[in-house]
Amino acid sequence: EELVMRSWLFGSGEDTAREKGGTDSKSSSTAGGKPPIMILAVDSAHKSGTKWENVFKGSKIPECDRPIKVVQCGWDDFHVMADGPHTSTSCIINVRTEIGGVKRVITVKPDFVLIRNEVTALSHDNRNKLYGLMYANVPSVNSLSSIYMFCERPIVQGELNRLAKLHKGKGPDNEFLLVPQSYFASYQGFFYGNSFPAVVKVGSAHAGYGKMKVANHKDMEDFKSVLAVADKYCTAEPFIDGKYDLRIQKIGNKYRAFKRISVSGTWKTNTQSSHVEVIPLTKKYKFWADEAANMFGGLDILTVDAIHNAKDGKEYIMEVNGTSSGLLPTHQEEDDGHIRDLVLEKLNSIFGQQRELENAPTKK
2 EELVMRSWLF
12 GSGEDTAREK
22 GGTDSKSSST
32 AGGKPPIMIL
42 AVDSAHKSGT
52 KWENVFKGSK
62 IPECDRPIKV
72 VQCGWDDFHV
82 MADGPHTSTS
92 CIINVRTEIG
102 GVKRVITVKP
112 DFVLIRNEVT
122 ALSHDNRNKL
132 YGLMYANVPS
142 VNSLSSIYMF
152 CERPIVQGEL
162 NRLAKLHKGK
172 GPDNEFLLVP
182 QSYFASYQGF
192 FYGNSFPAVV
202 KVGSAHAGYG
212 KMKVANHKDM
222 EDFKSVLAVA
232 DKYCTAEPFI
242 DGKYDLRIQK
252 IGNKYRAFKR
262 ISVSGTWKTN
272 TQSSHVEVIP
282 LTKKYKFWAD
292 EAANMFGGLD
302 ILTVDAIHNA
312 KDGKEYIMEV
322 NGTSSGLLPT
332 HQEEDDGHIR
342 DLVLEKLNSI
352 FGQQRELENA
362 PTKK
């Protein structure tokens, strides 16, 4: 029956662990009989290049004697079933993964989830799977609730607007300067009243998709007609001729600051070739990252993207990215290690406390 269900989920052409003589991860345990702590890493390896099983290899939790097992896949490679508190197994996930060079479908009961891929993108929307993880209250990095909020760009911008108001007038090192942006729920009532050229962003697409530079009000009318067909919300803001871009990265208590200069000539500097260099972390950059880390109840992994305006010399925050923030290739191995340490710290706080409760003397 289980093999039939798996065939229905992923297609009859897939091998399963049981068919190949393997074991499901839900039944695996150590020689001592203690089951491993199961980490589900939602990170497509062919995109990021990171193999989390290797990153966590040899890792231990100081206050827990259970080993760690990592299963890695992308959003498209698993299905979720979740139950409430009436059962001991709150979340069961069928994962299509590669074991020993062979693709198989295994069943896992995750104790923790590390999410490094966008839930929604131009080609997919996996919020239903995120809802399943939230339904089961699976611990994660970043928090599942914050990942949910990051699915829509206006919600994130709303938090940035709140921070900008909170710190307005507190000095150059303690304020959030934002590009003046307007939100429109649809093409109806769309009226852009700021300066040109302008940048319009449709929906919550990433990596430069859904963004357009508009030269004047006549071209904006043309854009409005296209927006009517798309039937989505959009934002509009003045175009900033940037001398360079900035990215401030925070992973736990580890910071990095980068400067990016486009070498391709395109105004979308994050989509073409660019020169990136590490720069010192100033007081202002650290302030940005620390304040952004308080968004939506707390962000463990984040990046703040900003732009240096060539006209007025000021630096404006463009956006904040969460758990799926990309890492600079030259520092990725070290930063992956920081993410691992962050997860281990979370696991220790969870399972260390459980062990203390198990070893606590019972009251008579």
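Here this note's numbering runs 1 ahead of the position in the sequence shown, where the first position is 1.
Glycine included, each C-beta is placed from N, C-alpha and C at the ideal position.
*asked:* Quick check on DSSP: helix, strand or coil for Ala229?
replied: helix
*Distance between Pro173 and Ile94 (C-alpha atoms, nearest Å)*: 48 Å
*Could you name the residues of the same chain whose beta carbon sits closer than 7 Å to that of Leu131, not counting the 5 residues immediately before and after it, in chain order?*
Val120, Leu145, Ile148 and Tyr149
*asked:* So the candidates are Asp301, Arg163 and Ser263; which of them puts its Cα closest to the Cα of His276?
replied: Ser263
*asked:* Judging by CA-CA distance, which residue of Ile308, Ile340 and Phe297 is the nearest neighbour of Tyr286?
replied: Ile308
_Which of helix, strand or coil DSSP assigns to Ser28_ = Confidence is the limiting factor: at Ser28 the pLDDT is only 43, short of 50, which leaves the residue's position unreliable, though a coordinate-based value still follows. Note: Ser28 maps to coil in three-state DSSP.
_One or two residues paired with Ile94 in a DSSP bridge_ = Val81 and Val109
_Proximity of Arg117 and Ser325 at Cβ, strictly below 9 Å_ = yes
*Using a beta-carbon distance below 9 Å, is Tyr188 in contact with chain B?*
The structure shown contains no chain B, having only a single protein chain.
*Tell me Gly371's beta-bridge partners as DSSP assigns them.*
This structure leaves residue 371 out entirely; the chain is present only between 2 and 365.
*Tell me whether Val5 is buried or exposed, calling it buried when 16 or more other Cβ atoms sit within 10 Å of its Cβ.*
With a pLDDT of 37 at Val5, under the threshold of 50, the modelled position of that residue is not reliable, and the figure given next carries that caveat. Val5 should be labelled exposed.
*Could you please give the first and the last residue of the uninterrupted beta strand (DSSP E) stretch that includes Val201?*
Ala199 to Val203
*Report the option in Ile280, Ile241, Trp268 and Lys269 whose CA atom is closest to the CA atom of Lys260.*
Ile280
*Any idea what DSSP makes of Asp223, helix, strand or coil?*
helix
*Rounded to whole angstroms, what's the CA-CA distance from Lys233 to Ser205? Just pull it up for me.*
10 Å
*So what does Asp126 bridge to, in DSSP terms?*
Thr121
*Following the continuous beta strand (DSSP E) through Asn322, name the residue where it begins and the one where it ends.*
Glu316 to Asn322
*Whole-number beta carbon distance between Cys235 and Lys269, since they are thought to touch under 8 Å*: Going by Cβ atoms, the distance from Lys269 to Cys235 rounds to 17 Å, so no, they are not a contact pair.
*asked:* Would you call the segment 72-91 in contact with the segment 124-141, where contact means no fewer than 3 C-beta pairs closer than 8 Å?
replied: yes
*Could you tell me how far apart the beta carbons of Met319 and Asp306 are, in whole angstroms, since I believe they sit closer than 8 Å?*
5 Å
*Look at the alpha carbon of Pro36 and the alpha carbon of Pro111, and state the distance between them as a whole number of angstroms.*
12 Å
*Cα-Cα separation between Thr90 and Ala137, rounded to whole angstroms*: 9 Å
*Is it buried or exposed for Asn254, if we count other Cβ within 10 angstroms and need 16 for buried?*
exposed
*Tell me, please, which residues DSSP counts as bridged to His276.*
Ile262
_Simplified DSSP assignment, three categories, for Thr236_ = strand
*Would you please state the rounded distance, in angstroms, between the beta carbons of Pro181 and Glu238? I believe it to be under 8 Å.*
6 Å
*Are the beta-carbon atoms belonging to Lys214 and Val200 less than 9 Å from one another?*
yes
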